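Residue numbers (UniProt numbering): 1 to 459.
Here you go:
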């Protein structure tokens, strides 16, 4: 069981995984921080930070991925995980659902994929059947579809096989000519730059593993024009891991065991790329920082937002992994201790959930958000200022990023009607989410306790 780690969580996760799982292919900064030698050999699993920095994707062999994910789940109570049904390298028989100027939407059976025209040689038409491979998997909280290609490859950490392209070997790996194993007929091996640091045994193992996976693709039946959309191979097992606010601070503690780490290191790095660079600079200048003190919310938001007058969306995560944006509003009040008020104009039609009150033209939703709190209230008012009801959402600790407030909804909520009645709702949905494996029981217990405290406070 070995793992390769990349991205903003690398130091903390290397500390978490190094003893139990074994980290390989470590970067130079990691080797220096740990004052250790890390093998350059194929990894059983790879951990990469997602593009939005909200968490990581874990991909590789199913046993290795499961072992790594079990360790990651221990980081904090608001660490949530979701397996991917369209993992990297999986092969599908797909049907083109529709096309536009830049690519095609694919029907993969249970879900959809995206085929950029740059990833296909021939013209693609709606209704056509294609054999495709997932080139880039996407996190469930992303609006993006998994990116597909019609060219088949077998990906590894030190090399990859590409079907066709003349066969043989490309890349300047010094020991490649001494390997006892050649790439499979019909495939070309492309070596990664780190392969030059690996020994002969590691390079040989890389080729053998890639050849085994290429054999699976070679054994697939030929694609047919009337093939029904279906998944044909497992690809690299992939699980997505979302870190909540408490988990990010737990990762700070792990990182602090290795190197000076400011309070809120990972919370700040998750905000923007610019904030991430600022954290690196601050820690480099203040190398003797011990991480004491509070998370510098005021300094972070003064520089990057959100501030009064900014636009802010509510990023309403679901326990299933999906992300729903509840609309964008204006920050009307800002407090540097970590609180703000968000106002949204509501569109007419339908009713407000659990309140049973009609949504009317001119209604305004006033939401009070506080960094790190496990709940937030929204007061709905009519155009005349009359209070139409209050909805308190119970969720993982709120994080106020520059353009979106992020959390995962935990189903159970508390409402206060205009006549003063207080009602707790959706406990059954939380129970169902626990039974479905979407919400761990410790997190559900926390949600119920928060709901009880809010309910008592509103009565």
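Using N, Cα and C, we set each Cβ at its ideal position, and we do this for glycine too.
Here the structure is a predicted model, which means the values were calculated and not measured.
query	result
For residue 10 and residue 238, the rounded distance between their alpha carbons	18 Å
DSSP three-state assignment for residue 318, whether helix, strand or coil	coil
Collapsed DSSP secondary structure at residue 138 in the structure displayed	coil
4 or more residues per run - each alpha helix (DSSP H) lying fully within the UniProt domain "DUF402" (326-458)	427-435, 441-458
8 Å Cβ cutoff met for residue 19 and residue 71	no
Residue 320 versus residue 352: straight-line alpha-carbon distance, rounded	22 Å
Element boundaries [beta strand (DSSP E), containing residue 112]	112-116
Span of the beta strand (DSSP E) around residue 29	Run containing residue 29: none in the beta strand (DSSP E); it sits in the alpha helix (DSSP H), 28-34.
Classification of residue 30 by the beta-carbon crowding that lies within 10 angstroms, buried from 16 upward	buried
Proximal residues to residue 247 (C-beta, below 6 Å), its chain only, five neighbours per side dropped	75, 76, 78, 79
Three-state class that DSSP yields for residue 254 in the structure shown	helix
Burial state of residue 100, where buried means 16 or more other Cβ atoms lie within 10 Å	exposed
Environment of residue 286 [buried if 16+ CB atoms lie within 10 Å]	exposed
Other residues of its chain near residue 396: CB distance less than 6 Å, five sequence neighbours each side excluded	78, 244, 407, 408
Where the beta strand (DSSP E) containing residue 226 begins and where it ends	No beta strand (DSSP E) holds residue 226; DSSP gives it neither H nor E.
One or two residues paired with residue 324 in a DSSP bridge	316
Backbone secondary structure at residue 80 - three-state DSSP	strand
Limits of the unbroken alpha helix (DSSP H) element including residue 104	Counting along the chain, residue 104 falls outside any alpha helix (DSSP H), though it belongs to the beta strand (DSSP E) covering 103-107.
Per DSSP, cross-strand counterpart(s) of residue 148	134
Residue 434 to residue 200 span [Cα, whole Å]	48 Å
Those residues which DSSP pairs with residue 161 across a bridge	154, 189
Nearest neighbour of residue 35, chosen from 48, 421, 259 [CA to CA]	259
Contact under 8 Å by Cβ, residue 141 with residue 323	yes
Alpha-carbon to alpha-carbon, residue 23 and residue 3	5 Å
Proximity winner among 339, 335, 343, relative to residue 327 (alpha-carbon distances)	343
Own chain residues within Cβ distance below 6 Å of residue 339, not counting five before or after	370
Nearest to residue 118 (by Cα), restricted to the options 104, 109, 437, 394	104
Any 3 or more C-beta pairs closer than 8 Å across the region 359-370 and the region 274-284	no
Simplified DSSP state of residue 261, which is helix, strand or coil	coil
Option in 252, 272, 109, 313 with minimal Cα separation from residue 263	252
Coil, strand or helix - residue 249 by DSSP	helix
Which of helix, strand or coil DSSP assigns to residue 236	coil
Contact belief for residue 131 with residue 162 at Cβ below 8 Å, rounded distance in angstroms	About 16 Å separates the two Cβ atoms, so there is no contact after all.
Beta-ladder partner(s) of residue 94, from DSSP	130
Per-residue burial, residue 315 [other beta carbons within 10 Å of its own, 16 or more giving buried]	buried
Start and end residues, alpha helix (DSSP H) containing residue 59	Here residue 59 belongs to no alpha helix (DSSP H); instead the beta strand (DSSP E) covers 55-60.
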